[in-house]
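**Q**
There are 2 protein chains.
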Amino acid sequence: MAETTTTTEEQTNQQERDPECNSLHQPLLKRNRTLSSSPLALVGTKVSYIESLDYEINENDLFKHDWRTRSQAQVLQYVFLKWLLAFLVGLLTGVIATLINLAVENIAGYKLLAVTHYIDRKRYMMGFFLMTGVNFVLTLMSTLLVVFFAPTAAGPGIPEIKAYLNGVDTPNMYGASTMFVKIIGSIGAVAAGLDLGKEGPLVHIGACIASLLAQGGPDNHRIRWKWIRYFNNDRDRRDIITCGASSGVCAAFRSPVGGVLFALEEVATWWRSALLWRTFFSTAVVVVVLRAFMEFCKSGECGLFGEGGLIMFDVSGVSVNYHLVDLIPVTVIGIIGGVLGSLYNYALHKVLRLYNLINEKGKLAKILLSLSVSLFTSACLYGLPFLASCTPCDPSAPLDTECPSTGRMGNFKKFNCPKGHYNDLATLLLTTNDDAVRNIFSTNTPSEYRVFSLFIFFILYCILGLFTFGIAVPSGLFLPIILMGSAYGRLLGMAMGPYTTIDQGLFAVLGAASLMAGSMRMTVSLCVIFLELTNNLLLLPITMLVLLISKSVGDCFNPSIYEIILELKGLPFLEAHPEPWMRNITVGELADVKPPMVTLSGIEKVGRIVEVLRNTTHNAFAVVDNTMVPMVGQMSEVHGLVLRAHLLLVLKKKWFLQERRRTEEWEVREKFTWVDVAERWGTIEEVAVTKEEMEMYVDLHPLTNTTPYTVVETMSVAKALVQFRQVGLRHMLVLPKYHGPSVPPVVGILTRQDLRAHNILSAFPHLEKSYASKKGR
Amino acid sequence: MAETTTTTEEQTNQQERDPECNSLHQPLLKRNRTLSSSPLALVGTKVSYIESLDYEINENDLFKHDWRTRSQAQVLQYVFLKWLLAFLVGLLTGVIATLINLAVENIAGYKLLAVTHYIDRKRYMMGFFLMTGVNFVLTLMSTLLVVFFAPTAAGPGIPEIKAYLNGVDTPNMYGASTMFVKIIGSIGAVAAGLDLGKEGPLVHIGACIASLLAQGGPDNHRIRWKWIRYFNNDRDRRDIITCGASSGVCAAFRSPVGGVLFALEEVATWWRSALLWRTFFSTAVVVVVLRAFMEFCKSGECGLFGEGGLIMFDVSGVSVNYHLVDLIPVTVIGIIGGVLGSLYNYALHKVLRLYNLINEKGKLAKILLSLSVSLFTSACLYGLPFLASCTPCDPSAPLDTECPSTGRMGNFKKFNCPKGHYNDLATLLLTTNDDAVRNIFSTNTPSEYRVFSLFIFFILYCILGLFTFGIAVPSGLFLPIILMGSAYGRLLGMAMGPYTTIDQGLFAVLGAASLMAGSMRMTVSLCVIFLELTNNLLLLPITMLVLLISKSVGDCFNPSIYEIILELKGLPFLEAHPEPWMRNITVGELADVKPPMVTLSGIEKVGRIVEVLRNTTHNAFAVVDNTMVPMVGQMSEVHGLVLRAHLLLVLKKKWFLQERRRTEEWEVREKFTWVDVAERWGTIEEVAVTKEEMEMYVDLHPLTNTTPYTVVETMSVAKALVQFRQVGLRHMLVLPKYHGPSVPPVVGILTRQDLRAHNILSAFPHLEKSYASKKGR
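So the protein lines, in turn, are chains A and B.
Per full-length UniProt numbering, residue 1 is the first one in the first sequence, and the count goes up by one each step.
Per full-length UniProt numbering, residue 1 is the first one in the second sequence, and the count goes up by one each step.
1) In the DSSP assignment, the alpha helix (DSSP H) including A:T627 goes from what residue to what residue?
2) Taking the DSSP output, what are the residues bridged to B:M732?
3) Determine, using beta carbons only, whether A:S447 and A:L425 come nearer to each other than 7 Å.
4) Spell out the partners DSSP gives B:C390 in its beta bridges.
5) Decide if A:L102 is buried, meaning its Cβ has at least 16 other Cβ atoms within 10 Å, or exposed.
6) Who are the neighbours of A:S299 on chain D, taking C-beta pairs under 9 Å?
7) So for A:L310, helix, strand or coil by DSSP?
8) Nearest chain A C-beta to B:W674 closer than 7 Å, yes or no?
9) Check each candidate in B:L574, B:Y499, B:N172 and name the one with the smallest Cα separation from B:L327.
10) CA-CA distance, B:A645 and A:E685?
11) Nearest CA to the CA of B:L140: which residue from B:S186, B:L491, B:R235, B:H618?
12) How many angstroms separate the CA atom of B:F63 from the CA atom of B:L613?
13) Taking just the CA atoms, how far does A:G602 sit from A:W655?
14) Ends of the alpha helix (DSSP H) at A:M635?
15) Going along chain A in order, which residues have a C-beta closer than 7 Å to the C-beta of B:G633?
16) Using only CA atoms, which one of B:V95, B:R70, B:W83, B:E665 lies nearest to B:F296?
17) Would B:T170 be called buried (16 or more neighbouring beta carbons within 10 Å of its own) or exposed?
18) To which residues does DSSP link A:E667 through a beta bridge?
19) Which residues in chain B have a C-beta closer than 8 Å to the C-beta of A:R583? List them in chain order.
20) Pop quiz: A:L547 and A:A508 are said to be a contact at Cβ under 8 Å. What is the actual Cβ separation, rounded to whole angstroms?
21) Taking only the alpha-carbon atoms, compute the straight-line gap between B:A763 and B:A591 and give it to the nearest angstrom.
22) Any residues in the region 273 to 288 of chain B with a beta carbon nearer than 9 Å to a beta carbon of chain A? Which ones, in chain order?
23) Taking C-beta pairs closer than 9 Å, name the residues in chain A that B:P256 reaches, listed in chain order.
24) I'd like to know if B:S636 contacts chain A, where contact means its C-beta is closer than 7 Å to some C-beta of that chain.
25) Return helix, strand or coil for B:S23, following the three-state DSSP convention.
26) How long is the line joining the alpha carbons of A:A251 and A:L477, rounded to whole angstroms?
27) Quick check on B:L548 - is its C-beta less than 7 Å from some C-beta in chain A?
28) For A:W277, which of A:P256, A:V288, A:E266, A:M294 has the nearest alpha-carbon?
29) Taking only the alpha-carbon atoms, compute the straight-line gap between B:T468 and A:Q72 and give it to the nearest angstrom.
30) What does the alpha-carbon distance come out to for the pair A:E579 and B:I57?
31) Specify, as a first and last residue, the run of the beta strand (DSSP E) that A:L600 falls within.
32) Quick one: which residues of the region 558 to 588 of chain B get their C-beta closer than 9 Å to a C-beta of chain A? List them in chain order.
33) Any C-beta of chain B sitting closer than 7 Å to the C-beta of A:M628?
34) Could you name the residues of the same chain whose beta carbon sits closer than 6 Å to that of A:P765, not counting the 5 residues immediately before and after it, in chain order?
35) Over what stretch of residues does the beta strand (DSSP E) that includes A:D54 continue unbroken?
36) Less than 7 Å between the C-beta atoms of B:F265 and B:S525, yes or no?
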């Protein structure tokens, strides 16, 4: 399973993993008596090694020198480039989003036109075969691309972005091939009428664009432009990827403020005002680009690209009247949304675990799974409308009048009905998902849909929503949830009809909002996204209420869908809040159960460095200097922390000394630039060191981060975790509490994996028990 | 000047301050060769001692025991209470905001009616005396209340809230008397027609409500209800005050999302998702309350309370058309807004320094200052319209028709004009500020105002905006800036008229937005506030653009107005970003220039504790245990940090031991509860200890916070500052880098004051020079 064997992090015990015993309950971590942590994650339905990111500033001599010598002009270049990148991210995300919409609307549009053509001539079987065939081919294309070229392009990608911004780098997530597959795959999957959206993929595409721009192109064809090199660090990449994610949301919903808030509330782990402002700039650019394209397309040069393929549901013209009595249906929607949302999370979790088992069988299994879902979807979308009966478009008009094709009740599908009649279920099913949302949201149409049709629609999308998400195509979660939610919202609106003044269309909107809050557990960002979708501020208070109730109800049952996916994928996400039992354990106890720490001397033998790098998988080592002070005794000092990448750099560049001595600053500057230091330098296996060189020395001082963050061993894990996450660390040194003769200057190094609740509980099972028994009391 | 002498923080050198040498350039801090830091701030025009807040969890034995024994029911109580408080904060803020609006609209309304009555009869002098007299009395009332009962109620209060959420407690800021004075004073000042808003005061009122609720009532009449006691800590108070501040903004602008974002972007220092959600709940409640009151008032039972006294500027009906060409005027507005905004900040800074000199002269000076501003304002508002010429309301109507009093051009003031004519300057000046904004924002009225009148209006409000803010009445900054900005925006709109399709009213809105961004430097929150005010999403992209340009331009010149006020008041606000030169200095160097640190033994003599408390003003002391280990030598250990408040508690409760021994856990639990530990316990002067007691011992272990956050002395100040601020600390222990015999286990304690750029530069002036010379290169 573990196909890549790149540099890994803190894999403290080296026993071989047996993929068969990898129960999905405890996805990728074993229960040991020692605190072991395996840096493996299930990403894109394959198990990969993952690495943490260096968000901490690595203050070594080279960094300090670089910083000291950076001129005012270079600082300005850097600031300018930051904004330029934010602009480009917005621009490209906007353009790509428009192209995706254009492609989807045209492919799906011409497909549906052809199908309607056959139906009008009563050649139902031909229509069915055409539709199923086209959908089959589109799905096949998407899934082949995903399976063979970029397995990480499956799914929405939002959980991985969330993990990246938390400090976990998922391999092959932001490459050019992933982006390409995501774009084409998303067009295919959405045009194939599958129950999935392009919103999640757009967020991922935005992040890919950001990442590619920041590193100057795809991995193997990077522009080594001097300016771009300023961004060759994890901190700046993090910021620009945040901009990309917001731009993606903005492009998906044409919601600039909602995009910023989505990134803030759901995706980002750290946040600062400057970033708020820069993401806002990116989303503003996206909106301008979308608007420009829509103006251009108004002239009719974009084929069937009508409203721009965005779920624009403008109800600003609808007068929203509600009174205190209307709080009752609103509360009911909220509660149902919360319950259904958490049920959906629960069921989706089960389905995804089942799908993981299927996907593990190989590539063919994945492809067959996607194709069966496609066939089932096509059959349902085409077949179910035959169950619905026909309704006259306008009871007052003569029987053989054509139904209006635009205007108030514009989107009618005649399907199998006689002239002047329409099939309400076909109106909802035989269309693109965006149009389906627009139809079900439509206001002032109290009798357009029958209860029976809406009920079938709801059940169908519950099933499709559960079984479509996990297949190997790019798929977003927003749209399936909106479709489900709007259906039950509208049903509820019909049931409440006599007792309320709120329009059924608004009930559908509230239903969609409540199910999203119940499943995704966002509040403010969803509220703003819905505000920007509906363009009606008067809806705001009831939307807020619905969202608050749904989220509260949902939180009683299970975590949000993104957290469930994160856990399923085994990504070591650090939660914002420490568990209560973490107060009862100290970092010293954690350090004790880890294997003995490896420390290096300030001036170390090459042989020892090679040995340490070969025999451990740690990514950082404490550098300790011991000096004999006359009259006092042995004094030891932690000089700092040196990264594996920098040790590899030294070995590759063979910066060795003949004798044990401290180097001068110019010596290291002659050999290394800060650009070298920012790169990742392969693995120890690629390094060849001769026997003579093994006996030489390396002065680690200039490459050591002299200011690592530290905690004393008496610190509780709860407070250490707060520091770890708030400051954005990768390694935290544990210092001894005692000061005196023969006390080692450092007792351990903690990493993200050591601070994860699950790993701590594996080593200290009594903690959970004591807490659970207290809870049960 | 220093009137209160309560417990102070880290006032390391005890020399008497001489208020006369307190140059306002270096407001309250002296240049010493050692790192001294004076905990003084100029708050409400008087110098006060200020204290830092304990946002860190104080993990001592009592806390741990309390936490361990807290039952599930108590945890639920706590969660329930959190939400109840958020609800109550929203409810009360909404109610009080409505009452303020009601009072202002009625007082100002009847005043203006009476004045109009005299003007209609050409008794201009009577009108003038009436208006000036009423305004004079209202201002006098406000200023008397502020000067004699609550000096901290002057100004907007937003900078102090910002400081509180950053960890600085300003004394007397959130008391019942402050709130009362703020409410009444705000009504008086706004009704008196002064150029100030009720928006800032509403934010402060919201924070006061939150603080009072969380502590169970005013300081001397607190409800000692058991549930409320859970909130007797700085962390929970911080959260609830954040809710209060958002509710205030929401009540001021009827902008729930804007309120949340304002708190997030401008006010709060730390933020977490849970808080986002709770503040959102509070603002939702505010909106519901406001809406309910407005529905109630529609029936006409609220006197002259028409539109609710909120700047509601609904342009949702206006079709906004703009093309790429319109980017030019939009950019121009943005640039002008940025330049004017920073100019305003600069000028206001000068005026406030001048006013500080006047205010220092005593209470009479303050009152006279307010009254002269009131007289000047009244004279201008009444006198200037005589300069404007009359315009016929409707050129097509017969000359003697009455002007319409409602409808499209509804708010006409006839003033000195004949029938059928109106005075455009009187329309803008002889009205409440809210109505003035509504008039100047009005759309589809291209020829309603003359250039001359708008120009006078602009100049007048530039002058008033500068000279009104600093007087001793509750005053907000939002409205003056909106008035100024809208005037130049509309002027620009008239100048651009032939070249653009954007309405003049929208130009006025954009002008107001640009000046706010140029002065306050907010982006996303302002954008959402304007979105919610104007209720038109199509304006969003251009508003975003204007805000971004204005903020960028303004940032080139000076910091935001709130930062300027914070600095003027001497509040030790910790910035998010360390200064670049902070990388060149270590915390060890800072600790070296501080006076020697005071440490206590784990079991300490009462006499020594009393001596230490009397002779220092530190608020926390390191507790160090020394043990002689046979065969190894002297081992020392930092047990933790004990707070001054807890030492005072021990002395007051006389928890003394006859012999030097460690106590059992039950002993301390018998004597103290966690409620005692959360209180602040007066000063050392209030403690009486007999001579025999002086010889007894105290076991400090159970009261010591055993998990203080630490840094090693080699840590750079830049990274230490990041940790200090991110984790929300009050004290940070500095550990030695060497480990060995006779190394002290702790070398210093750093506080907020030690990490402030200004204080560091006083002790290490070369740092700035080296940086400045580099910059100039």
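Glycine included, C-beta positions come from ideal geometry on N, C-alpha and C.
Bear in mind the structure is a predicted one, so any value in this text is a computation, not a measurement.
**A** On the basis of the data shown:
1) Run containing A:T627: none in the alpha helix (DSSP H); it sits in the beta strand (DSSP E), 620 to 629.
2) B:M732 is bridged to B:L750.
3) At least 7 Å separates the beta-carbon of A:S447 from that of A:L425.
4) Beta-bridge pairing links B:C390 to B:N423.
5) By the Cβ neighbour-count rule, A:L102 is buried, with 16 or more other Cβ atoms within 10 Å of its own.
6) Given the protein chain composition of this structure (A and B), no chain D is represented.
7) Caution is warranted here: a pLDDT of 49 is assigned to A:L310, below 50, making its placement in the model unreliable, and no coordinate value can be reported.
8) Answer no: the Cβ-Cβ gap between B:W674 and chain A never drops below 7 Å.
9) Nearest C-alpha to B:L327: B:Y499.
10) If I take the Cα positions, the gap works out to 59 Å.
11) B:L140 has its Cα closest to that of B:S186, out of B:S186, B:L491, B:R235, B:H618.
12) If I take the Cα positions, the gap works out to 23 Å.
13) Using only the alpha carbons, I get a separation of about 15 Å.
14) Unbroken run through A:M635 is the beta strand (DSSP E), 633 to 643; no alpha helix (DSSP H).
15) Near B:G633 (Cβ distances below 7 Å), the residues of chain A are G740, P741.
16) With distances taken between Cα atoms, B:F296 lies closest to B:V95.
17) Per the 10 Å Cβ criterion, buried.
18) Note: A:E667 sits in no beta bridge, so no partner.
19) Listed along chain B are E59, K64, W67, each with a C-beta nearer than 8 Å to that of A:R583.
20) The pair is not a contact, with the Cβ atoms about 15 Å apart (cut-off 8 Å).
21) Cα-Cα distance, rounded: 11 Å.
22) Shown in chain order are the members of the region 273 to 288 of chain B whose Cβ falls below 9 Å from a Cβ of chain A: S273, A274, L276, W277, T279, F280, F281, T283, A284, V287, V288.
23) Simply C527, L540, P541, M544.
24) At least one chain A Cβ lies under 7 Å of B:S636.
25) Caution applies to B:S23, whose pLDDT of 37 falls short of 50 and renders its modelled position unreliable; the value that the coordinates give is listed next. In the structure shown, B:S23 adopts coil according to DSSP, grouped into three states.
26) Taking the straight line from one Cα to the other gives about 16 Å.
27) At least one chain A Cβ lies under 7 Å of B:L548.
28) Just measuring C-alpha positions, the residue of A:P256, A:V288, A:E266, A:M294 sitting nearest A:W277 is A:P256.
29) Looking at the two C-alpha atoms, the distance is approximately 40 Å.
30) The alpha-carbon of A:E579 is positioned some 14 Å away from that of B:I57.
31) Going by DSSP, A:L600 is part of the beta strand (DSSP E) stretching over 599 to 601.
32) Under the 9 Å Cβ criterion, the region 558 to 588 of chain B contributes A576, H577, P580, R583, N584, T586.
33) For A:M628, no CB of chain B lies under 7 Å from its own CB, so it is not counted at the interface with that chain.
34) A distance below 6 Å between beta-carbons, with the five flanking residues on each side excluded, links A:P765 to no residue of its chain.
35) From DSSP, A:D54 is part of no beta strand (DSSP E); its letter is neither H nor E.
36) Checking the displayed sequence, the identity of residue 265 of chain B turns out to be Glu instead of Phe. Yes, these two residues count as a Cβ contact at 7 Å.
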